[in-house]
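To start, the structure under review is shown below, and the notes come after it.
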Amino acid sequence: MIIFENNTLKLEFFISGMLQNNSYLLISKTTNNSIIIDIPDNPIELINATPKNKLQKSKNIDTIQAIITHGHYDHIEGIDFAKDRLGDINISIGLEDAKYLNYAGKVTKLKKLNKIINKDLELEIIYTPGHTAGSICFYLEIDENKFLFTGDTLFPGGPGKTVDSKSFNKIYNSITKNIYSLANETIILPGHGKSISIEESKKEFENFNFHNLLFGDISWNQ
Ligand SMILES: [Zn+2]
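Throughout the sequence shown, residue numbering follows numbering that gives the first Met the number 0, covering 0 to 221 in sequence.
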C-alpha cells in the first residue's frame, strides 16, 4: 500500500508475519535505489516491490539497504528470505541490538551515526532506547511531509512494552525528549498497527502520570 508518492520518491508499507508486522519500503524513482525498514517473516510483497537485479544478485548490495528498528525476532525474521531473493545486502541496526541478528552479510552497527544515506535517499537516525537498548527511530522528510518510523517504541495509545522500570524510564525519556520535540504534523509509522500524528499522540499523552515504578504494557490513558 502506498503511503506517499511524488515524482522522485515512493513510500510503501506491507504487513506480514504472525504478529502482523509492518515493513516499509522507500524507493528513489531517479536512481531505483531503495531503503527497507524492518524485514518481518514472509516478506513476499516487500521483496517483490523492491527494485532489484534478479540475475546478478551480488549487485543488489550497491542499491538496496535494510535498516532495522530493533532486534526483536518479529522485525528480523524475514532476513533469510530476503537474502535468498536479493543476495547479500547491507543491514543496519542499533549497536546494542546487533546481537539479535544472525546474519553473515554486511552489518552496520548504529551508535553515533545520525543519517542513513543511500544515494539520493536520506533518513535521520533518532536513538530511542527503552523497548530494547538499541531501539532506533528513523525520520524522513519529503517536501512538506514528515514521517517517523518508530518500530515498537511508540504506537497509537502509548509506548511499546518495557521489561523493567529502568527501561520504562528510558522509553519515556526517548519519547518525550526525542520524539515529541518533532513537528506536530509528523506522521508516526509504527512496527505494528495504524499510524498517528505527533499532535494526536501528544494529546493522548497529556494526562499521563509518570512514576518511577511503571513498566510492561503501558497505555497513556491509564
Ligand atoms: Zn519489539
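In this text, a Cβ means the ideal position worked out from N, Cα and C, and glycines have one as well.
For L10, which of helix, strand or coil comes out of DSSP?
-> strand
C-beta atoms of I125 and K114 nearer than 8 Å | no
For S218, which of helix, strand or coil comes out of DSSP?
-> coil
Three-state secondary structure (DSSP) at Y99?
-> helix
Whole-angstrom Cβ separation of I43 and I66, contact assumed at under 8 Å?
-> The pair is not a contact, with the Cβ atoms about 20 Å apart (cut-off 8 Å).
Pick out the complete beta strand (DSSP E) segments inside the stretch 45 to 82, 3 residues or longer, and give them in chain order.
-> 63 to 66
Which listed residue (E199, T185, G157, F12) has its alpha carbon closest to that of N208 = G157
Should N5 go down as buried or exposed, given a rule of 16 or more other Cβ atoms within 10 Å for buried?
-> exposed
Measuring CB to CB, does L139 end up less than 8 Å from S200?
-> no
Output yes or no for whether 8 Å exceeds the beta carbon distance between G70 and T127.
-> no
Comparing the CB of D151 with every heavy atom of ligand 1, is any distance shorter than 7 Å?
-> yes
Bounding residues of the alpha helix (DSSP H) (the contiguous stretch that carries Y171) | 164 to 172
Beta-carbon contacts of I141 that lie in its chain and below 8 Å, excluding the five residues immediately before and after | F3, N5, L8, L10
Across which residues does DSSP place K145 in a beta bridge pair?
-> E140
Give the DSSP bridge partners of S27, in chain order.
-> L8
What residues in its chain sit with their C-beta under 7 Å from that of I240, if we drop five residues either side in the sequence?
-> This structure does not reach residue 240, given that the chain is present from 0 up to 221, and the question cannot be answered.
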